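In what follows, a structure is listed as structure tokens, so that the remarks can point back to it.
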Amino acid sequence: MKNVMISQPMNGKSLEEIIEERKDIIKMLKKEGYNVMDTIIKNKGNELEDIHYLLASLEFLINADYIFFMQGWEKSRGCKIEHLVAVEYGKKIMYENKIENYNNL
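If you count the sequence shown from 1, you need to add 1 to reach our numbering.
Below, the structure written as structure tokens:
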């Protein structure tokens with residue numbers, strides 16, 4: 002089973018909003034046979050700095066076969082860095098706003 006990491010703009014969102022936004026995507030990916038990695042850091046917004054979240058997401062990226070970029074990723078500093086790393090290290094990439102990409106995976 003292929004591991005998928007979701008890259009999602011999270012700045013200014015509550016944990017509940019983050020979970021709700023990705024619910025349908027997770028359902029769709031699981032239906033297609035992917036293992037969606039749980040990459041949400043539960044203490045978001047507490048004592049950690051943004052860079053800690055970025056470092057944690059890059060650790061998740063190590064074990065991902067695919068990275069799914071949700072809409073708006075190109076406006077998020079963290080998502081843009083995740084995208085650069087994914088491209089540079091040859092991870093397969095899916096985009097929420099480009100559904101046709103799913104047929105090639």
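By construction, the Cβ of each residue, glycine as well, lies at the ideal position given by its N, Cα and C atoms.
Note that the structure is a prediction, hence the values are computed from the model and not measured.
Give me the residue from the options with the minimum Cα distance to residue i.
i	options	result
Met2	Ile19, Gly34, Pro10	Gly34
Val88	Arg78, Ser77, Tyr67, Asn4	Tyr67
Ile26	Ile42, Ile52, Val5	Val5
Lys81	Ala65, Ile63, Leu59, Asn64	Leu59
Asp51	Glu97, Tyr96, Pro10	Pro10
Helix, strand or coil for residue i per DSSP?
i	result
Tyr90	coil
Ile41	coil
Met2	coil
Tyr35	coil
Does residue i pass the burial test, meaning 16 or more other C-beta atoms within 10 Å, or should it be called exposed?
i	result
Gly91	exposed
Gly79	buried
Leu30	buried
Glu97	buried
Glu75	exposed
Leu106	Any answer about Leu106 is weak, because its pLDDT of 46 lies below 50 and its placement is not dependable; what the coordinates show is given next. So Leu106 counts as exposed.
Ser15	exposed
May I ask which residues mark the beginning and end of the beta strand (DSSP E) holding residue i?
i	result
Met71	Segment: none, Met71 is in no beta strand (DSSP E) and carries neither H nor E.
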